[in-house]
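Novice:
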Amino acid sequence: MAYEYVGPEEIARRVDGVVGRPVRSPADLDQWLAERRDEPFTFVVDAGGTLLLAPRRSEHVACAGARPVLAAGEIAFAADGGRWAANEITNQSTGYCPDAGPPWPLRSTGRRCRTPAVSQRCSSSGTARPAGSSTW
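What follows is the structure, given as structure tokens:
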């Protein structure tokens, strides 16, 4: 299921292209993390299944280039046996309001997050309200 942007129009109007950096391989992630350590990061998964990362305070709609997404939130990584693993992931994006529950990429890979994940649900007005946290 793809999510359309439902946040403030004035934010969407400021979007000029895709801000998020595509992560298609471990090497892409290595490069991204070598350039910055201001974790966690803003993330979206575009309609084609590509993970896009942006600095944490970035708008999700800018990260996605105002396009529909499969998932959106914040993500943090930690070294795990010579590779990177998501050690925190949320669906906290009031602009896209993705479903609560295990977000991509964990849902599609069956992997578990090493720390609790925080989920939220949005009301019909688009305002976020906490839905608690869960581990998978």
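For the numbering used here, add 368 to where a residue sits in the sequence shown, where the first one is 1. The beta-carbon is built from N, C-alpha and C at its ideal position, and this holds for glycine as well.
#1: Give the range of the beta strand (DSSP E) segment to which Glu-442 is assigned.
#2: Along the chain, where does the beta strand (DSSP E) that runs through Glu-456 open and close?
#3: Please say whether Tyr-373 and Gly-433 have beta carbons closer to each other than 7 Å?
#4: Taking Cβ to Cβ, would you say Cys-431 is nearer than 7 Å to Val-387?
#5: Quick one: using the 10 Å Cβ neighbour count with 16 as the cut-off for buried, is Ser-461 buried or exposed?
#6: Could you tell me if Asp-414 is buried or exposed, where buried requires 16 or more neighbouring beta carbons within 10 angstroms of its beta carbon?
#7: Hey, how far is the Cα of Ala-395 from the Cα of Val-429?
Specialist: According to the data block:
#1: On the sequence shown, position 74 is the one that residue 442 refers to. Element bounds for Glu-442: 437-448.
#2: Locating residue 456 in the sequence shown gives position 88, where the first residue counts as 1. Element bounds for Glu-456: 451-457.
#3: Translated into positions along the sequence shown, residue 433 becomes position 65. Translated into positions along the sequence shown, residue 373 becomes position 5. Taking 7 Å as the Cβ cut-off, Gly-433 and Tyr-373 do not qualify as a contacting pair.
#4: Counted from its first residue, the sequence shown places residue 431 at position 63. Counted from its first residue, the sequence shown places residue 387 at position 19. In contact: Cys-431 and Val-387 (Cβ atoms closer than 7 Å).
#5: Start at 1 with the first residue of the sequence shown, and residue 461 comes out as number 93. That one is buried.
#6: In the sequence shown, residue 414 corresponds to position 46, counting from 1. With 16 or more other Cβ atoms within 10 Å, it is buried.
#7: Here the question's residue 395 lines up with position 27 in the sequence shown. Here the question's residue 429 lines up with position 61 in the sequence shown. The alpha-carbon atoms of Ala-395 and Val-429 are separated by roughly 25 Å.
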